[in-house]
Amino acid sequence: MQSNPDLRAVLGEVLSAERKDGLSNQVLRITAQKGVFFLRIGQAGSEALVDRFAESHNLQLAADLGVAVPPVFMDPDSGLLLTRALETRLAGKTDFPDKLGQELARLHKSKLRFEGEINPHKTYAALRKRISEALDSYPEMSLSKDVSAIVPKLDRLMADVGVQNQPVLVPSHGDLSEGNCLLANNRLWLIDWEFSGMADPCWDLAYAIQEIGFDADDERRFLNAYESGQHRNIDRAALEVMKARCDAISALWAVVQLIDRRDPATFGPFALERAARALKQKPV
Numbered sequence: 001m002q003s004n005p006d007l008r009a010v011l012g013e014v015l016s017a018e019r020k021d022g023l024s025n026q027v028l029r030i031t032a033q034k035g036v037f038f039l040r041i042g043q044a045g046s047e048a049l050v051d052r053f054a055e056s057h058n059l060q061l062a063a064d065l066g067v068a069v070p071p072v073f074m075d076p077d078s079g080l081l082l083t084r085a086l087e088t089r090l091a092g093k094t095d096f097p098d099k100l101g102q103e104l105a106r107l108h109k110s111k112l113r114f115e116g117e118i119n120p121h122k123t124y125a126a127l128r129k130r131i132s133e134a135l136d137s138y139p140e141m142s143l144s145k146d147v148s149a150i151v152p153k154l155d156r157l158m159a160d161v162g163v164q165n166q167p168v169l170v171p172s173h174g175d176l177s178e179g180n181c182l183l184a185n186n187r188l189w190l191i192d193w194e195f196s197g198m199a200d201p202c203w204d205l206a207y208a209i210q211e212i213g214f215d216a217d218d219e220r221r222f223l224n225a226y227e228s229g230q231h232r233n234i235d236r237a238a239l240e241v242m243k244a245r246c247d248a249i250s251a252l253w254a255v256v257q258l259i260d261r262r263d264p265a266t267f268g269p270f271a272l273e274r275a276a277r278a279l280k281q282k283p284v
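Residue numbers (full-length UniProt numbering): 1 to 284.
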């Protein structure tokens, strides 16, 4: 922060900084002279997977639409992103599936033109290439037996589900975990747009269902709210296939984190759980 005068000007004097949980990036809650903020510091090495300039473009469009928390400072070169802190409501989220379905329908039908494209097979191939190159370049690097065993199974799964028919692409968040959904000020906000882009609408739907862990009733409410907002029905068969793709990609993403020597106690089980669910969704 000291080396960035523009950021210091937005914050004023920093009174305290508290590190918060973040799976991919470092996140600080900052109390400063000019308010309370969250500062996202991009993970070192994330440049291979994240286009920060596309993220900045997409985030600003989503904020203008009213589905994203507006940024008060962005620096794509460094990966810094500052937003004002919102008072979030963590308890009593009985209406969460409905609100998420409504907001996602609003985003998908907005006709915004995001930069970048979320193509599951290209995303999987890019992750797979990173793993292969790392293991080839560093023979001393190894993965656990369990993790190593899931990779060829996921390869067969992705080949088995095939390339999807070309859908009409819509502006998509791309990473709808529960941690990226904030219930604040009596409405839902979506945060963390670093994997956003144009995508098959089933991507956001499937990813949200899988990563948030909706049960059958929550999934029904979520999809009903989405369909009501979109005024059209979802192809349920295509959605089920996309669930398998989402879990396969999430599993491989976790393997990349292990390759990057991040916490095996976190990312090992994450990879195995997502792989097991993907393979159960579409057995190989």
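A virtual CB, placed ideally from N, CA and C, is assigned to each residue, including glycine.
Determine the extent of the beta strand (DSSP E) in which residue i is found, giving its start and end residues.
{"i": "Leu190", "result": "187-190"}
{"i": "Leu176", "result": "From DSSP, Leu176 is part of no beta strand (DSSP E); its letter is neither H nor E."}
{"i": "Lys20", "result": "14-20"}
{"i": "Phe37", "result": "35-41"}
{"i": "Phe73", "result": "71-75"}
{"i": "Ala63", "result": "It is not in any beta strand (DSSP E) - Ala63 instead sits in the alpha helix (DSSP H) that spans 52-65."}
{"i": "Gln26", "result": "26-32"}
{"i": "Leu223", "result": "Looking at the DSSP string, Leu223 is not in any beta strand (DSSP E); the run it does join, the alpha helix (DSSP H), is 216-230."}
{"i": "Leu82", "result": "80-84"}
Which term fits residue i, buried or exposed, when burial requires 16 or more other beta carbons within 10 angstroms of its beta carbon?
{"i": "Phe267", "result": "buried"}
{"i": "Gly162", "result": "exposed"}
{"i": "Asn180", "result": "buried"}
{"i": "Asn58", "result": "buried"}
{"i": "Leu223", "result": "buried"}
{"i": "Pro283", "result": "Residue confidence is low: Pro283 scores 48 on pLDDT, short of 50, so the model does not pin down where it sits. No coordinate-derived value is stated."}
{"i": "Ala91", "result": "Note that Ala91 has pLDDT 48, beneath the 50 cutoff, so the model's placement of it is unreliable and the number below is only indicative. Exposed."}
{"i": "Met198", "result": "buried"}
Between residue i and residue j, which are expected to be in contact by the criterion C-beta below 8 Å, what is the C-beta distance as a whole number of angstroms?
{"i": "Gly229", "j": "Gln102", "result": "5 Å"}
{"i": "Leu182", "j": "Thr88", "result": "5 Å"}
{"i": "Leu65", "j": "Ser110", "result": "6 Å"}
{"i": "Asp218", "j": "Pro97", "result": "4 Å"}
{"i": "Ser196", "j": "Phe114", "result": "6 Å"}
{"i": "Glu55", "j": "Glu194", "result": "5 Å"}
{"i": "Leu86", "j": "Ala184", "result": "4 Å"}
{"i": "Leu15", "j": "Leu82", "result": "About 15 Å separates the two Cβ atoms, so there is no contact after all."}
{"i": "Asp235", "j": "Gln281", "result": "That pair is no contact at about 16 Å."}
{"i": "Leu107", "j": "Ala149", "result": "Not a contact, Cβ separation roughly 38 Å."}
{"i": "Leu112", "j": "Leu188", "result": "About 18 Å separates the two Cβ atoms, so there is no contact after all."}
{"i": "Lys34", "j": "Leu11", "result": "6 Å"}
Smallest Cα separation from residue i: which of the options?
{"i": "Ser172", "options": "Arg261, Ile234, Cys202", "result": "Cys202"}
{"i": "Arg84", "options": "Glu117, Val50, Pro97, Val36", "result": "Val36"}
{"i": "Leu104", "options": "Ala68, Tyr124, Leu86", "result": "Ala68"}
{"i": "Arg262", "options": "Tyr138, Ala32, Asn25", "result": "Asn25"}
{"i": "Val147", "options": "Asp235, Gln281, Ala251", "result": "Ala251"}
{"i": "Arg245", "options": "Thr123, Pro139, Phe38", "result": "Thr123"}
{"i": "Ala125", "options": "Trp253, Arg277, Ala275, Asp260", "result": "Trp253"}
{"i": "Gly42", "options": "Leu11, Lys20, Pro76, Ala32", "result": "Pro76"}
{"i": "Val50", "options": "Leu100, Asp192, Asp136, His231", "result": "Asp192"}
{"i": "Leu143", "options": "Arg232, Ala265, Arg19, Arg220", "result": "Ala265"}
For residue i versus residue j, is the C-beta distance shorter than 8 Å?
{"i": "Ala271", "j": "Leu258", "result": "yes"}
{"i": "Pro120", "j": "Ile212", "result": "no"}
{"i": "Gly79", "j": "Arg52", "result": "yes"}
{"i": "Val241", "j": "Ile131", "result": "no"}
{"i": "Ile30", "j": "Ala17", "result": "yes"}
{"i": "Gly174", "j": "Ile209", "result": "no"}
{"i": "Asp200", "j": "Pro167", "result": "yes"}
{"i": "Ala238", "j": "Lys153", "result": "no"}
{"i": "Ala206", "j": "Lys243", "result": "yes"}
Kindly indicate the opening and closing residues of the alpha helix (DSSP H) around residue i.
{"i": "Val147", "result": "145-161"}
{"i": "Pro201", "result": "201-212"}
{"i": "Asp6", "result": "5-11"}
{"i": "Ile249", "result": "236-259"}
{"i": "Pro120", "result": "120-137"}
{"i": "Arg113", "result": "No alpha helix (DSSP H) holds Arg113; DSSP gives it neither H nor E."}
{"i": "Pro264", "result": "264-281"}
Any heavy atom of the ligand MG closer than 7 Å to the Cβ of residue i?
{"i": "Gly22", "result": "Annotation note on the ligand MG: not contained in the displayed structure, which lists no ligands."}
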